[in-house]
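According to full-length UniProt numbering, the sequence shown is numbered sequentially starting from 1.
Note that the Cβ used here is the ideal one computed from N, Cα and C, for glycine as well.
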Amino acid sequence: MKELECYVIRDLLPNYIEGLTCEETNDLIVDHLKSCGECRKLCESYKTELKIPVEKPNTDDKKIIKGMRFKFLWYLFWPMFYGATLQFREEGSLEFLITALLITGFALWQAPVLDFDFDIDDTKKSFYEREERNINSGNGSFFTQGLFWLIPIIIPILFKAIPILISYFNS
């Protein structure tokens with residue numbers, strides 16, 4: 001009978017500790033805890049606070065994404081800047097180009113799109129890690145494999161070739 005009573009008390013202990021049992025049940029549990037050492041130890045172990053370690057947020061993910069975004073913007077815009085510099089230098093309005101680029105750069109820097117305060121789930125995290133390794137090794141996705149590496153070569157050529165082609169076909 002005592003063994004059956006211990007099982008019942010052990011089932012009621014979590015509710016007793018939380019204060020969810022009635023007075024009559026509380027009296028029965030207290031009487032049993034006075035006479036049973038095992039249930040008393042179990043009750044004391046339930047009353048101790050659990051210390052669950054909380055993981056600190058990983059900032060490496062944000063750095064990976066920021067690095068990928070910077071590399072993408074760099075390879076996208078520097079050839080255009082180079083080509084535009086060649087074009088505007090001949091026309092004498094390089095100051096206008098630099099002013100426009102500074103204003104655009106400041107606007108992009110202040111844009112909320114470049115704010116990377118968000119959590120990444122595990123599937124996206126593995127994708128970003130894989131893409132970072134691919135970009136760093138030169139074997140990236142569609143943008144980084146073929147077309148992406150041709151942009152720095154094609155745009156300056158186009159800035160020089162288009163005016164020549166226009167003048168050729170107009171004559």
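For E23, the enclosing alpha helix (DSSP H) begins and ends at 23-35. Ranked by how close their Cα comes to the Cα of C39, the residues T21, I17, E55 have I17 in first place.
Straight through space, the alpha carbons of E129 and I155 are spaced by roughly 30 angstroms. DSSP, read as helix, strand or coil, puts V8 in helix.
Within a 10 Å sphere around the beta-carbon of C43 sit 16 or more other beta-carbons, which makes this residue buried. For the 9 angstroms CB-CB criterion, I9 and H32 form a contact. When only Cα atoms are considered, K56 and K124 end up about 19 angstroms apart.
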